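**Student:** Numbering (mature numbering (1 follows the signal peptide of the UniProt record, and there is no 0)), first residue to last: -21 to -1, 1 to 416. Built from N, CA and C at the ideal position, the CB exists for glycine as well. All values reported here derive from a predicted model rather than from experimental measurement. One structure, pasted below without further comment.
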């Protein structure tokens, strides 16, 4: 769950959201701040998939402390299951019942912002920017195609991770383990060597079917004003062609072309693929579930031609634009996402903070100093979340281009169309969706 909450099933959500701008807000009667700035009244705060034995005590204590510091306030916490969450948000918004504060990833926040449902917190809380990392603030900034440029959520927890390697497979297939690949040139050198020497084994399942792959190769995804996708450049075509060539010679498992395929970890644990991405804490799972693999496990940064990670995933808290208690909603959203409370949540959830400076807390430094695979993975991930950013535009949802893009890439790898045709079709499809009101 915490590696990044993916935006799924957004086509139905988009349809519901088209005509929401005139809808009302939460039905909480609220109250507001008094003339002296004192908070009062009630709001509803909604998370998803967080009300359980692991996290309920944290949120109960968090709310209790806030209400103690602000007498006369009441925070109603509700939690929704992950299945159908996007549709639930959309339906609530359409009915004028969207909670005062909602938890979601960038893609769903963008859809709500485009429908006029979310508050531009850069206007309502102009001093808040300094409390968050530049990457987090940027991830919550949306513009173009009916969205006035603004920041439509407070950044909350984030995640990224390293690349894991099975050194036994690398050695068996003639790939040096002294210098693990960092750039795409190095990756393809290793992948081609492995494929030449070990038929039926694979370097990984990577095949440029993700915007993060393109962005990590230095390929521009969308223009600066977010009005046009541009990821069909000659550079992008050449990059995808390298995967087409690798697949043709047997260097990518055919199963990986199925978007529903989910056996990557199994392939890695049994040595069919030599490398896979994961979270900083995946090493614990490998140690527990695959001790033979763990003995041969090495870790390095994700493959990247750019200075910093472009695969950081952000979770956010958005504030309903029509809340009846704006002061309290803004105050509590910032309270949940302040440095102290983010740090406490990160410790429980094995994620990382978007609050400014929190990543430098000794808690993370001590964990990353361990002389272990986990320690190395944490060190790599800390650098990624501290200096990196998200590359997939929030507009590029599954239904608005991501799924279609993956289908076109799969067809190119199978030789059913050229790399250029795949990218041209994907860009045309995504641009058509982008222009829809």
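In angstroms, rounded to a whole number, what distance separates the CA positions of residue 340 and residue 176?
**Tutor:** Locating residue 340 in the chain shown gives position 361, counting from the first residue. Locating residue 176 in the chain shown gives position 197, counting from the first residue. Straight-line Cα distance between these residues: approximately 45 Å.
**Student:** Just verifying my parser: in three-state terms, what is the DSSP assignment at residue 140?
**Tutor:** Position 161 of the chain shown, counted from the first residue, corresponds to residue 140. Residue 140: coil per DSSP, three-state reduction.
**Student:** Suppose contacts are defined by Cβ-Cβ distances below 8 Å. Is residue 51 in contact with residue 19 by that definition?
**Tutor:** Residue numbering aside, residue 51 sits at position 72 when the chain shown is read from its first letter. Residue numbering aside, residue 19 sits at position 40 when the chain shown is read from its first letter. It is a contact, given that the beta carbons lie within the stated cut-off.
**Student:** So what does DSSP say about residue 76, is it helix, strand or coil?
**Tutor:** The sequence position of residue 76 within the chain shown is 97, counting from 1. Three-state DSSP puts residue 76 in coil, outside helix and strand.
**Student:** Does the beta carbon of residue 35 come closer than 8 Å to any beta carbon on chain D?
**Tutor:** You won't find chain D in this structure, because it holds only one protein chain.
**Student:** Is the stretch 179 to 191 touching the stretch 220 to 236, taking contact as three or more C-beta pairs under 8 Å?
**Tutor:** Counting Cβ pairs under 8 Å, three or more are found: they touch.
**Student:** CA-CA distance, residue 4 and residue 312?
**Tutor:** As a first step, residue 4 is located in the chain shown; it is residue number 25 there, counting from the start. As a first step, residue 312 is located in the chain shown; it is residue number 333 there, counting from the start. Note on residue 4: pLDDT 44, under 50, position unreliable in the model; the coordinate value appears next. Roughly 17 Å separates the two Cα atoms.
**Student:** For my contact list, residue 342 and residue 322 are in at a C-beta cut-off of 8 Å; report their separation, rounded to the angstrom.
**Tutor:** Walking along the chain shown from the start, residue 342 turns up at place 363. Walking along the chain shown from the start, residue 322 turns up at place 343. Contact holds; Cβ gap of about 7 Å.
**Student:** Under three-state DSSP, which class holds residue 172?
**Tutor:** Counted from its first residue, the chain shown places residue 172 at position 193. Looking at residue 172 - three-state DSSP - the assignment turns out to be helix.
**Student:** Between the C-alpha atoms of residue 55 and residue 358, what's the straight-line distance to the nearest angstrom?
**Tutor:** Mapped onto the chain shown, residue 55 falls at position 76. Mapped onto the chain shown, residue 358 falls at position 379. If I take the Cα positions, the gap works out to 37 Å.
**Student:** Specify, as a first and last residue, the run of the alpha helix (DSSP H) that residue 421 falls within.
**Tutor:** Not covered by the structure: residue 421. The range shown for the chain is -21 to 416.
**Student:** Measuring only the C-alpha atoms, how far is residue 211 from residue 198?
**Tutor:** By 1-based counting over the chain shown, the position of residue 211 is 232. By 1-based counting over the chain shown, the position of residue 198 is 219. The alpha-carbon atoms of residue 211 and residue 198 are separated by roughly 9 Å.
**Student:** Looking at the secondary structure, which residues open and close the alpha helix (DSSP H) in which residue 289 lies?
**Tutor:** Within the chain shown, the letter at position 310 stands for residue 289. Unbroken run through residue 289: none, as it is neither H nor E.
**Student:** Where does residue 410 sit, in a helix, a strand or coil, going by DSSP?
**Tutor:** For the purposes of this step, residue 410 is identified with residue 431 of the chain shown, where counting begins at 1. Helix at residue 410.
**Student:** Can you tell which of 96, 369, 409 has its C-alpha closest to the C-alpha of residue 375?
**Tutor:** For the purposes of this step, residue 375 is identified with residue 396 of the chain shown, where counting begins at 1. The shortest Cα separation from residue 375 among 96, 369, 409 belongs to 409.
**Student:** So, are the CB atoms of residue 143 and residue 230 less than 8 Å apart?
**Tutor:** Within the chain shown, the letter at position 164 stands for residue 143. Within the chain shown, the letter at position 251 stands for residue 230. The answer is no: Cβ separation not under 8 Å.
**Student:** Quick check on this structure: which residue in 66, 89, 337 has the alpha carbon closest to the alpha carbon of residue 109?
**Tutor:** Counting from 1 along the chain shown, the entry for residue 109 is found at position 130. Nearest C-alpha to residue 109: 337.
**Student:** Just to confirm before moving on: does the CB-CB distance between residue 289 and residue 194 stay below 8 Å?
**Tutor:** In the chain shown, counting from the first residue as 1, residue 289 sits at position 310. In the chain shown, counting from the first residue as 1, residue 194 sits at position 215. Contact flag set, yes.
**Student:** For residue 397 and residue 228, what's the separation of their Cα atoms in angstroms?
**Tutor:** Residue mapping note: residue 397 aligns to position 418 of the chain shown, counting from 1. Residue mapping note: residue 228 aligns to position 249 of the chain shown, counting from 1. Cα to Cα, residue 397 sits roughly 16 Å from residue 228.
**Student:** Identify whether residue 206 lies in helix, strand or coil by the three-state DSSP scheme.
**Tutor:** Taking the chain shown and counting its residues from 1, one reaches residue 206 at position 227. Three-state DSSP puts residue 206 in coil, outside helix and strand.
**Student:** Give the straight-line distance between the Cα atoms of residue 45 and residue 314, rounded to the nearest whole angstrom.
**Tutor:** Mapped onto the chain shown, residue 45 falls at position 66. Mapped onto the chain shown, residue 314 falls at position 335. If you take the alpha carbons of residue 45 and residue 314, they lie about 8 Å apart.
**Student:** Okay, do the stretch 140 to 155 and the stretch 96 to 116 touch, 3+ Cβ pairs below 8 Å being the bar?
**Tutor:** With a cut-off of 8 Å, the stretch 96 to 116 and the stretch 140 to 155 do not count as touching, because too few Cβ pairs lie within range.
**Student:** Helix, strand or coil for residue 198 per DSSP?
**Tutor:** Walking along the chain shown from the start, residue 198 turns up at place 219. Coil at residue 198, not helix or strand.
**Student:** In angstroms with no decimal places, state the Cα-to-Cα distance between residue 304 and residue 383.
**Tutor:** The sequence position of residue 304 within the chain shown is 325, counting from 1. The sequence position of residue 383 within the chain shown is 404, counting from 1. Cα-Cα distance, rounded: 41 Å.
**Student:** Tell me, please, whether the stretch 242 to 256 touches the stretch 264 to 279 by the rule of three or more beta-carbon pairs shorter than 8 Å.
**Tutor:** The stretch 242 to 256 vs the stretch 264 to 279: in contact.
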